[in-house]
Each structure stands twice: as C-alpha cells, then as structure tokens.
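**Student:** Quick one: the structure is below, and I'll ask about it shortly.
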Amino acid sequence: MGAVIFSDVHADAGALAALSACISTPSFSETFGPIDRIINLGDLLHRGDYPQQTLEKIHSLSGRYPFTSVMGNHDHAYLNGLMVSGS
Numbered sequence: 004m005g006a007v008i009f010s011d012v013h014a015d016a017g018a019l020a021a022l023s024a025c026i027s028t029p030s031f032s033e034t035f036g037p038i039d040r041i042i043n044l045g046d047l048l049h050r051g052d053y054p055q056q057t058l059e060k061i062h063s064l065s066g067r068y069p070f071t072s073v074m075g076n077h078d079h080a081y082l083n084g085l086m087v088s089g090s
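Written as structure tokens, this is what we have:
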C-alpha cells in the first residue's frame with residue numbers, strides 16, 4: 004500500500020483529471036502497488052482558471068481514497084481574497 008502525494012495544482016482541473024486517470028489504471032497499481040491514501044501538500048487553488056472544477060475533482064478523489072490536504076499559501080489567499088507576493 005502506498006500514498007499518492009502531489010502539490011501545486013493551482014486550479015488546473017485538467018491536470019488533476021489526468022492524475023486521477025493515471026492512478027486509476029491497472030498498470031499504475033501493477034507498477035507502484037495499491038493506493039491507500041492521497042495527500043495534497045497545498046496550493047490546490049488560486050492562479051488557475053478552474054477552481055470549482057478542481058474542487059469537484061478533489062471531492063471525487065476523496066470519495067475513492069482517504070484524502071488529506073494541507074492548506075498552502077495560495078489556498079489561504081484564494082479563500083480570503085488576498086494577494087500572494089510574487090504572483
């Protein structure tokens with residue numbers, strides 16, 4: 004059993020959909036073993052154009068696997084209407 008760990012999606016729902024499709028293939032499990040959890044290390048939202056679709060993909064993934072998400076600085080900014088330095 005193992006974890007899939009990712010970060011810095013930045014509201015790119017297409018990238019998250021590609022990740023979901025990849026980890027759902029039999030060849031992924033054959034190569035890396037079964038997944039027992041998914042961990043997001045932050046920056047799921049902000050900068051990208053598809054925050055709602057990104058959250059929908061996360062909801063779908065969290066229905067299939069135990070899911071842990073850490074709030075990144077861009078997530079904090081998105082949720083609180085703040086600017087992020089250097090963005």
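Sequential numbering from 4 applies to the sequence shown in my numbering. Think of the CB as a built atom: it goes at the ideal place given N, C-alpha and C, for glycine as much as any other residue.
DSSP three-state label for M6, please.
**Tutor:** Residue mapping note: residue 6 aligns to position 3 of the sequence shown, counting from 1. Looking at the sequence shown, residue 6 is not Met but Ala. In the structure shown, A6 sits in a strand (DSSP, three-state: E or B).
**Student:** Can you name the start and end residues of the alpha helix (DSSP H) that S88 belongs to?
**Tutor:** By 1-based counting over the sequence shown, the position of residue 88 is 85. That residue, S88, is in no alpha helix (DSSP H); it is neither H nor E in DSSP.
**Student:** Under three-state DSSP, which class holds S72?
**Tutor:** Taking the first residue of the sequence shown as 1, we reach residue 72 at position 69. Under the three-state reduction of DSSP, S72 is assigned to strand.
**Student:** Once the 5 residues before and after F31 are set aside, which same chain residues still bring their CB inside 7 angstroms of it?
**Tutor:** Here the question's residue 31 lines up with position 28 in the sequence shown. If we look at F31 and ignore the five residues flanking it on each side, its Cβ neighbours are C25.
**Student:** Sort T57, S10, G5 by Cα distance to G17 and report the nearest one.
**Tutor:** In the sequence shown, residue 17 corresponds to position 14, counting from 1. The candidate whose alpha carbon is nearest that of G17 is T57.
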